[in-house]
Each structure stands twice: as C-alpha cells, then as structure tokens.
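Note that the working numbering numbers the sequence shown so that position 699 is 701, with each residue one more than the last. Backbone N, C-alpha and C define an ideal beta-carbon position, used for all residues, glycine too. Below: the structure, in structure tokens.
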Amino acid sequence: MTLPSSSAPRPPFRDPALALSKRVDDLLDRLTLDERLAMLHQYVPAVPRLGIASFRTGTEALHGVAGLGVATVFPQAVGLGATWDEDLVRAVAEAVSVEVRAFHRHRPTPWGSGTNGLQIWSPVVNLLRDPRWGRNEEGYSEDPLHTARLGTAYCRGLAGDHPDYLRAAPVLKHFLANNNETGRAVTSSGLRPRVLHEYDLAAFRPIIASGAATGAMAAYNLVNGRPCHVSPLLEDELRRWARPTGHELFVVSDEEAPCNLVELEHYFDDHPTSHAAALKAGIDSFTDHRDDSATVIGRLRQALEGGLIEEEDVNRAVRRQLQLRFRLGEFDPDLDPYAAIGPEVIDSPEHRALALRAATESVVLLKNDGLLPMDPRRAPRIAVIGPHADAVYEDWYSGTLPYQVGIATGLRGALEGHGEVVRVSGADRISLLSRTSGKPLGGTSFDVQEWGDGVLTLRDADTGRYLAMADDAALVADRTLIKSWFVDETFLLEPAPDGEGDNVVLRHVRTGRYAALDPADGRVRVTAENPEAAERWHRELLRDGAAEAGAAAERADVAVVVLGNHPMINGRETEDRTGIALPETQEALLRTVAAVRPETALVVMSSYPYAVDWAEEHLPAVVWTSHGGQDTGHALAAVLLGAADPAGRLPQTWYRGDDALPHQLDYDIIKAGWTYQYHRSAPLYPFGHGLSYTDFAHRDLRISAPAMAQDGTVDVTVTLVNTGPMYGSEVVQLYVRAVDARHEAPRLRLADFRKVRLDSGESREVAFRLPAERLAHWDVAAGAFTVDPGRYEVLVARSAEDIVLRAPLTVSGTAPAPRALVGRRTLAVDFDDYSGITLVDATRERGDAVAPADPARPATVHFRSVDLSGAARFEAEVARESTGPGEALLEVRAGAHLLAEIAVPATGDRRSWTTVTAATAIPGEGHHDLCLALRGDFRLASFRFTATDDAVVRDAPTQSSEDDSE
C-alpha cells in the first residue's frame, strides 16, 4: 500500500489531539462515495491514497482464538458459565484478546492478505432456554442476569482498560432469541412483550448499557415473523441503551443472512430492497458472499441509485465503523498501548496456567455419596472407561489445541506411580465384510462409537483414523480430526432390506446416501440413493467393548466412566439434539460397569445437560464438565483426587428423562414453563446446583430495612462459614420472589450472586445491594417495567431448589389501578394470557400482531380485570389476505357476556390493515376479564373501546399505545 508523502501536512483525522468525533468526520468527508459503499462489506478494501489499510470484521474467540492456528483453548463458554466467577471469566478474555493481538500483528491470515481482525465475534449471550439447542456450548447460562454479568466480564477482558484504545472490540451474538438450529434461518421466535423484556433483552441490556460491548451481530432467525436483520429493536433497544455510553454500536450481519432475506425467508422480493431495509434498520456491515464484496456492494449501489437508501444511510454505517477502527488504534500506531504485544504470548506458560485454572473451576460435582475424592492409598487401581476416557476435543469455535491432556493421562500424572490407571474405550471392534467381494471395508477393522440416535463413527483399529466420505464419494479412513462445517465422518448401520442375519447397509448421515461397490474399480463409494441399491455388509464382532470394560472395572478398585457428546456430532451449529438422553450404547456401557464395580463415578463431559436419572439413583458419584480445553485431564484429576475442590455450579437446569419438555420453538418461558423460573416439575439437578468436598453454613440474613419504595434500594448481608474440614468455594446465590403477584410471576428469580473462597473454619460477611428494579416485571398495560407494591421474599440459596435462608420485604406504594381500555388503543400482543395464537409482524418495518396458529381452530387473547366503564363501541385493526375457505370472525366477550361478533373482510395482503367496528353493551360497571377470540385466517394488531358511537378509522398499526387525546 502506498502511503501519503511524509512532507504533506497531516490531515486532521491523523491528529490524536482532536476529539474522536472530529477525526471520524474528517476522514468520512475525505472518502468518496464508492469508497464508503465498499466499507459496508465484511472485507473492506484499503484506500491507498489516504494511507488506510484494509479491514475485516469478525475474528472468532469464544473460548480462545479460533480458526487461526494453535492457540490457548479454554473451557467452552457453558463451562465458563459454570464457574460463576466474573474475575476468572474476565482474566480468560484478557488472555484471549492478548493472543488476538499477537495473531493480528504476527500471524498470516487464512485468506492470504491483510491482517487478522481485532473485532471479536464474541461472547454469545443467547440464553440456554432449551438444553437441546445445538449451540448450547456457546452460551453461559439459562438466566439473563447470570449471562449478562459473565458477558460483561468477558467483554471487559477483551476490550482492556485503556480509556481511549481497545485491545479488541467485542461483539455480542446473536440478537435476538436465537435458541434453535433446525430451520434457524426461517423459523420465528415468538416473544410476547413480557418474555422479550424480562428474558431475552435482559441478557443484552446490561452489557451494552455498561459500555462493555462495542457491537452486536443480528441473528439468523425471525422474531414475531420479522427477520432479525430488519428488526426495529436494533435501533429502539440496542442503540438506545448504548447512547449514554458515548459510543455507537457497530452492528454486523451473520454469515449469508442478508441473502436469506430474499432467498430463504422470502421477506423481500429482491436483494437491493432487502439490503436497503437491513441498512436502514441498523446493519452496518454485510457478512455475505465471503470475500466477494462486489455482489453485495453492487446491490447496495442499486438501492442507492433507486432511492431506497440515501447517502446519509451509508455515511451513518461507515461512521460507526470508523469510530471503532480509531478506538482500535489503527490510526495511532505510536500511541496504541497494545501494539507491542509479541507472538510469545500465544500458548504462553501464564495462559496455560489460566486454562488449567478455568477448567478446574468449571467442574461441577452433581452427586457424591463419599466415593469422591478418590484415595489412591485405599483404592490404587482406577479403570477409566468410555469414549472420553482420554479424549480431548476441539469444537467449531475453538482454536487448534497446543497439546491435550485427557482424563486417564491426567490421573496417571497426578498419581505419580502411586496408583495404576487402566484406560478402556468400551467401543465394539467390528469388521464389515462385503457380501459381493468378501473383503472387509477398507481392508481393516473398526472401533465403533455411537453418539446418539444410532449415529456412529468408525475408527480404523490400526491407525485410529476416522472413516469418512472423500470428495469423490469414496470411503477412506484418513481423518485424524472431526472438525469441519460438513461432517463426513458419521454413519448409520441399518438392517439390510432383505433381512438376512447380520447383513447391514452403511448409510452416510450428511448425504443420506448408502455405500455401494463401484463396478468400474471395485472401490466403495457413497453413491446408492436407497438401501436396495446399497452393498450388503456382514457385521462381524471382533471385540465386545462393554464386556472388555466390565472386565477392567472388575479388576479395578474404582471405575471412572467418562461419557458425553462429540462437539461436532448430534448437537452443533445447524443441528439440534432430538432429546436429552445419553446415547443408548453409552448408557448400556455405564450400567455394565456399575453392575460389576459399585464404586463407579460417572463423569459427563458434554456441551449440554443429559438426563442421567439412572446414574443419579444408582451411582455414588456424578460429575459434569464441559469440553474443558487442553488441560481437561489435569483439571478432572485434581478434582477427582481432591487436590482441588469442585468449584463449579450448574448454569442451567438438568431436566429428568421423563419430563416432557416443551416444543423447541415455544419461546414463551412463562407459559411453556422453561428454566428454573417457570418450570413446574422437580428437575434432576437444579440451576445453581453443585456440591463441595467441604461444608458451608449460611447464617444471619439481614436486610437494611423491612420495606422500600418502588424506586428504592436495600442492603442485604449474609454470613458464610466454612464448617467443613478443607478449603473450598461456595456461590452465594440471592433470589427474589413476589408473594402475591397480580401477574404470573417467576417461582423465583436470581437477583445477585457472589463466589466466595474460604479456608476451613473461616467466615465472611457477604453484602449485596438490592435495588427495587430487581423485583420489576414488564407491565403490558403501562408498556414499561413496573415494581408492584406488595410483599416479596429475599432468598439465600445454594441452588434454585435449595433455599437456606429467607426474609420478607415489602415494597410500598399505590396499588396499580385496573387496566383502562376505553379511549385507548391497546396492542393485541399486550395480553395477559392467550391460547392458540402465533405472534406475527404488523408491517415489514415495525409492529407486532396476533393470528391463529391454526386457522381451523379458534385462538384467544385475554386481558384480565379491565375497566370498560362507558364503552359504547369496539373497533379493531385487522388484516386478512384473502377470502379463503371458512369464516373470519372476531368475537369479543366480557366474562361470559358476548359484546360483539365482527366479520373480518379481506384486505388483499396480510400486512394491509383495515378497521372493523361494532356497537357494544357492557354488562354493568366494574372490572371484567376481556377475551378476544379469532376464528379464521386473519391478523389482529390492536383494538379500542370508545365512549361514543363514532367509528374512527386508524392508520396502519404502529408499536405504541395511545390515548385518544394524543
């Protein structure tokens, strides 16, 4: 790149003495329109005439630098969530960002030019509502406060402490309500206002309001029928929260999501229109078509030339990018405090020690009847059994492991010759003999491991390499690592259609095709479209893995069975789990071992919870760890042998196997009963659960005042005492609960927490400040957070199900009046309850509405205890695409009394609105429960009762309520 002559006067944007805004404005004015348009793509070209380097958004660094080579690998984010330790999470993020800086300056890029970026697409603050989510490993917690606290810590660690310059620029993923992978680009997450504000937005709001995050990434999914990439929430919420911090958020699209607006979601008819809508909604950078920026920029240029966007829309987005680049020190290399970071920090001894600490502190002891910690003096022979006995895995968002220590290796090292460790995988060894040629597949035998739903990997018994489908569809056992976007190493062994003995057909999971012999060269290729055309294989058992494991356990004093998931199989990005049970063969292996060795501990190494009901009932010890990174084995060995106290606590509920979970696309945590806040059945292991090797007593809960105002604050203190025999840590969890709520309140809700480490016999007073806002709920009548006056409880707990201390607290104030509906436009989505509805978009730009989920069945929305005094007429904003089969009626009832029944006319489009009206006769004064029933295929955006017979025709729906006087 050619730099400007050093003799030329320095332009204002190069002057660090000027205010940031003036420097940004000066540079923006110097850029041509074409140069500014080019900055809207992920790959931003250099501007040589101004000495500006190229720029690329998006380096992945969720728990270590990902995708750029060897780097320190920390526990998965869900494992970091299990630490409940903000200081530790911040330290991890600091180490990660230091390595990012080293990659930025000292390592080549995978794409061959430019530098590795300093904008970090982490952390993920999507809530772990459903444990079947394929990306469960990427989030911190099912609780918004817990997630926000750890997310803030991670962002601050990435960004650094300098007042003017960022070490790295954290970007929050994925806005919003992104908790399913199946059909993720076309599914809509239905968020009623209470769930939106109390749950999903609540994870993002504190991080952004604190100034810790510099940007956000829009999610693939839709919310209430509108794609997140054109959501008004980007401006109405995200940027509103950021405004007081003095810095704008830089919002990026997810990969290929701008194309999805047309090609998958069919939300717009053409790309220039969709790109224009995304830019105006608040997307500043388009991650689309990889490094082919010409396509995206061409579409934006068409939008500009067609009047769909204005030059100021372009300038606004570019201004946000430039502000970020200035803060990253790009234009002040001599002043950048992080410019001197060298390559020696990557996988440094300090970072290795921190990775070990993080892995150790993330281990959760779920059950212990005295088997743990293991004492090698009494039980010197340990059998480590299972698919994870000595395995350490990379996931999609981890870096390349610099080294890997599995559990068996970690135990051997910790015992230092004072015990014996035997490792057994428990996998069957088989050969697959071709019925056509008589030859074994691949000329070898395979160790078979099941990962759930019958999905298998087959590893060459001689080399340990995975069988995989190559580019030419041939089957070759040549893969040492499963880590690619398209997983070609998984198979199903299905009974042959002719049903002869042990004959099977081999099906490739990703393509769905079957293995067949190529008649041209005799090689085995995945080419058969159906089992009838597939090669038949005779499955010959060469080694019974469960029997071998049982024999090893019988010879041992203690068995440690290590089970769980592979991060790239049956639960990963693009693929949700179908259930929460352990893989069938893993469960069988566990029971076989326990039958011969009662002294068996189960270690679940996984990205998500499992229903280990049998283990909880029959085994003396159960432990969980996420995939903990390079030092997993050392960490587990320290905990299993008692060198470290199990310090982790669960960041999400572990449900029982017989607990019917709600539908995965039911995002209404209140009505569906998701998470500890609303789940009504006893869990297997509750949120916040985790045992220690020592004992803690919680004493002397005190609140500074028995009552507070609706905007007040009280101080809460509790004394924690380590009454046990050894050093340990406890997470003091503070919850609140509304006693007599007028709304469906959470069973309890986390209000604060603190991780405390104490020596045996040591005590400490733990203090919390509890503002009234922690008691607030979203009041659908007011359209704002409200703290109702009344009785509450403050709870100190070991987990969401283990309350140890409680104290009453009263909030003073005037009780809210009944909801007045006369003379006021009420949004249909601002209901108190509902049945059979789906939430949809009112217009492409903004506003929500309700519609029957199944037009063949009536749907209802309910408004409790409303004041209809003086109402004489009812009107509603409705839309109906066409006069299809069946009726379209809106029925209005106050209690059992029918107020009106209105036919809904066709409006020609589901987003074309009209107002329908009817006279009403209210059955007496007082308060009523109002029910609106929707019969047929139409949408309802809002309604209004008026005190006169004059019908008022309204404009298209907006997302605000209004009095008639406004």
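CA-to-CA distance, residue j to residue i, given in whole angstroms
| i | j | result |
| --- | --- | --- |
| Ala953 | Gly838 | Caution is warranted here: a pLDDT of 44 is assigned to Ala953, below 50, making its placement in the model unreliable, and no coordinate value can be reported. |
| Arg103 | Arg169 | 7 Å |
| Gly547 | Arg937 | 59 Å |
| Leu324 | Leu203 | 27 Å |
| Leu703 | Arg776 | 18 Å |
| Val75 | Gly897 | 60 Å |
| Val188 | Val768 | 47 Å |
| Gly71 | Val253 | 27 Å |
| Ala220 | Asp256 | 6 Å |
| Asp27 | Ser191 | 39 Å |
| Gly445 | Trp487 | 28 Å |
| Gln632 | Ala214 | 28 Å |
| Ala802 | Thr61 | 36 Å |
| Thr117 | Asp166 | 22 Å |
| Gly630 | Gln78 | 6 Å |
| Asp615 | Gly581 | 14 Å |
| Arg109 | Arg241 | 34 Å |
| Asp856 | Phe940 | 11 Å |
| Glu346 | His106 | 13 Å |
| Phe947 | Gly926 | 15 Å |
| Ala949 | Gly825 | 7 Å |
| Leu543 | Arg431 | 6 Å |
| Glu968 | Trp656 | Summary for Glu968: the model assigns pLDDT 38, below 50, so the residue's position carries little reliability; its value from the coordinates is reported in the next sentence. Straight-line Cα distance between these residues: approximately 50 Å. |
Residue i - containing beta strand (DSSP E), residue span
| i | result |
| --- | --- |
| Gln735 | Gly730 to Ala740 |
| Gly792 | Gly792 to Ser801 |
| Val824 | Val824 -> no beta strand (DSSP E), and no H or E assigned at all. |
| Pro907 | From DSSP, Pro907 is part of no beta strand (DSSP E); its letter is neither H nor E. |
| Tyr836 | Asp835 to Ser837 |
| Leu35 | Segment Leu35 to Ala40 is the alpha helix (DSSP H) holding Leu35; no beta strand (DSSP E) there. |
| Ala97 | Where Ala97 is concerned, there is no enclosing beta strand (DSSP E), although the alpha helix (DSSP H) it sits in stretches over Glu88 to His108. |
| Ile343 | Element bounds for Ile343: n/a, residue is neither H nor E. |
| Ala830 | Per DSSP, Ala830 belongs to no beta strand (DSSP E) and is neither H nor E. |
Nearest-angstrom Cβ-Cβ length linking residue i and residue j, presumed shorter than 8 Å
| i | j | result |
| --- | --- | --- |
| Tyr612 | Leu584 | 5 Å |
| Pro375 | Leu604 | That belief does not hold up - the Cβ atoms of Pro375 and Leu604 are roughly 15 Å apart, past 8 Å. |
| Thr696 | Ser762 | 7 Å |
| Arg301 | His277 | 5 Å |
| Ser212 | Gly162 | Contact flag wrong, Cβ pair sits at about 15 Å. |
Residue i vs residue j beta-carbon contact at 8 Å
| i | j | result |
| --- | --- | --- |
| Gly83 | Tyr142 | yes |
| Val225 | Ile672 | no |
| Leu469 | Ala476 | no |
| Phe177 | Ala218 | yes |
| Thr677 | Arg321 | no |
| Ala360 | Thr812 | no |
| Val716 | Ile705 | yes |
| Val426 | Ala617 | no |
| Val606 | Leu652 | no |
| Val67 | Gly159 | no |
| Leu20 | Pro14 | yes |
| Ser814 | Ala699 | no |
| Ser914 | Ala881 | yes |
| Leu373 | Glu140 | no |
| Asp397 | Pro569 | yes |
| Phe689 | Glu144 | yes |
| Trp539 | Leu508 | yes |
| Ile409 | Ala639 | yes |
Range of the contiguous alpha helix (DSSP H) that encloses residue i
| i | result |
| --- | --- |
| Phe328 | Glu313 to Arg329 |
| Glu618 | Asp615 to His620 |
| Asp761 | Unbroken run through Asp761: none, as it is neither H nor E. |
| Ala360 | Pro351 to Glu363 |
| Tyr156 | Pro146 to Ala161 |
Continuous beta strand (DSSP E) assignments of at least 3 residues falling wholly in the segment 424–499: If we require 3 residues or more, the beta strand (DSSP E) runs fully inside the segment 424–499 come out as 430–436, 448–452, 458–462, 468–471, 477–481 and 493–497.
I'd like the ranges of any beta strand (DSSP E) spanning at least 3 consecutive residues and lying wholly in the segment 537–608. Qualifying beta strand (DSSP E) stretches, in chain order: 539–545, 560–566 and 602–607.
Write down every uninterrupted run of the beta strand (DSSP E) in the segment 629–710 whose length is 3 residues or greater and which is fully enclosed by it, in chain order. Annotation note: the segment 629–710 contains the following uninterrupted beta strand (DSSP E) runs of length 3 or greater, listed N- to C-terminal: 698–705.
Runs of alpha helix (DSSP H) lying entirely within the segment 256–288, each at least 4 residues, in chain order: Secondary structure remark: continuous alpha helix (DSSP H) runs of at least 4 residues inside the segment 256–288, in chain order: 259–265 and 273–283.
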